[in-house]
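S.K.:
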Amino acid sequence: MTHQTVGHPTKPGLPDDPRANVAEPTPYCPVEITLAALRGRWTTLVIRELLHGDRTFTELRQALPTLSDKVLSDRLAHLTQAGVLDRHRQPGWPPRTRYRLTPQGHRLGPVLQELWDWGAQHRPPGDQDSIAPTHDPRDTA
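Take the sequence shown: its letter number 49 is residue 630 in the numbering used here, and every next letter is one higher.
Structure, rendered in structure tokens:
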């Protein structure tokens, strides 16, 4: 028996999965699941902050000062529902809630890095200096 890839080399960037040969997006497509988890403005920045470690709502708000409380609450709820974040309420007064990435959430770090790298290489002409990051995207420790 020959190896399944003999004579059928996979092309870079294409999934080596027969289920990927579909004619339209489905909610069960792994790419669509990933994009759904990352949906919404600010979502990637919230994840970026949590790649540095656990944060409270207040710490996230301070790290992203132009993000409204409502949008931050919405993004945290969405990411928790998507299985990207864990929400831990700490006893005491006032009660504190800490957010941390799940193991699945940590796996989004390299995905975000690849998106950053691709975007950095494909900026529109004349737009090379418009991004002034406050954090180095590679600094996730």
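For every residue, glycine included, the Cβ atom is placed at its ideal position computed from N, Cα and C.
1. Between P672, R679, P606, which has its C-alpha nearest V640's C-alpha?
2. Could you spell out the range, first to last residue, of the alpha helix (DSSP H) harbouring R656?
3. Going by DSSP in three states, T637 sits in which element: helix, strand or coil?
4. Could you tell me if T607 is buried or exposed, where buried requires 16 or more neighbouring beta carbons within 10 angstroms of its beta carbon?
5. Apart from the five residues just before and just after R642, which ones in its own chain have a Cβ nearer than 8 Å to its Cβ?
6. T624: buried (16+ other C-beta within 10 angstroms of its C-beta) or exposed?
7. If we count the other Cβ atoms within 10 Å of its Cβ and call it buried at 16 or more, is A618 buried or exposed?
8. Are R668 and R677 close, meaning C-beta to C-beta below 9 Å?
9. Distance check for W674 and W699, CA to CA, integer angstroms please.
10. What span of residues does the beta strand (DSSP E) with T678 cover, start to end?
11. State the DSSP-derived secondary structure class of D698, mapped to helix, strand or coil.
12. Measuring alpha carbon to alpha carbon, tell me which residue in P684, V627, P691 is nearest P532.
13. Going by the beta-carbon positions, is the gap between R688 and R636 smaller than 9 Å?
14. Measuring CA to CA, which of W697, G621, P684 is closest to L657?
15. Alpha carbon to alpha carbon, how far is A601 from P672?
M.R.: Concretely, from the data shown:
1. The question names Val, yet the displayed sequence has Glu at residue 640. The candidate whose alpha carbon is nearest that of E640 is R679.
2. Judged by DSSP secondary structure, R656 falls within the alpha helix (DSSP H) whose first and last residues are 650-662.
3. strand
4. exposed
5. L648, D650, L653
6. buried
7. buried
8. no
9. 45 Å
10. 677-682
11. helix
12. The requested residue 532 is not part of the displayed model; the chain covers only 582 to 722.
13. no
14. Among W697, G621, P684, the Cα nearest to that of L657 belongs to G621.
15. Spanning the two alpha carbons is a distance of roughly 46 Å.
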